[in-house]
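In UniProt numbering, the protein residues as written are 1 to 112.
Heads up, the beta-carbon is just placed ideally off N, CA and C, and yes, glycines get one too.
Single-structure report; data block below.
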Ligand code: DGP
């Protein structure tokens, strides 16, 4: 299922891209929930965490390492949060797996 994120990958709609490699793309969230709010996505069209297979292990690892590198580049030395919303109950709206990298403020727990 293609989503708005496929259009961002294809450069059909603009985004503030902060990182790219062969497997992953990262760009600033259009509706930021923290001073730093970056979405890290696999370029492969994977709908959600529930759709992952063993073939996705390397790509998922790359995205998580990229998130760590982006956090450092964004100056989040005090900490940050990396979140994946999965499915309707998880609050996922865009059907293309994405990590939310949130930082620049103190996070509360538990999330809503
Ligand atoms: P989620 O609820 O986990 O599916 O989060 C989807 C996020 O995607 C939400 O924080 C807003 C963001 N978003 C949706 N459409 C766009 C877009 O066109 N551009 C950018 N940069 N972010 C988007």
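For the ligand DGP, no non-hydrogen atom lies closer than 7 Å to the CB of residue 99. Between the alpha carbons of residue 47 and residue 64 lies a distance of about 17 Å. Residues of the same chain with a CB within less than 6 Å of the CB of residue 3, apart from the 5 flanking positions on each side, are 94, 95, 96 in chain order. Counting along the chain, the unbroken alpha helix (DSSP H) around residue 62 starts and ends at 57 to 73. Within 10 angstroms of the beta-carbon of residue 87 lie fewer than 16 other beta-carbons, which makes it exposed.
In the DSSP assignment, residue 8 falls within the alpha helix (DSSP H) that extends over 4 to 9. Judged by DSSP in its simplified three-state form, residue 47 adopts coil rather than helix or strand.
Here the C-alpha atom of residue 105 lies approximately 7 Å from the C-alpha atom of residue 34. Between residue 39 and residue 98 the beta-carbon gap is near 5 Å, inside 8 Å, which marks them as a contact. Among the bridge pairs identified by DSSP, residue 28 is matched with 38. Taking C-beta separations shorter than 8 Å and ignoring five residues to either side along the sequence, the partners of residue 26 in its chain run 17, 18, 19, 20, 38, 39, 40, 41, 66, 67, 70, 101, following chain order. With 16 or more other Cβ atoms from the protein chains shown falling within 10 Å of its own Cβ, residue 60 counts as buried.
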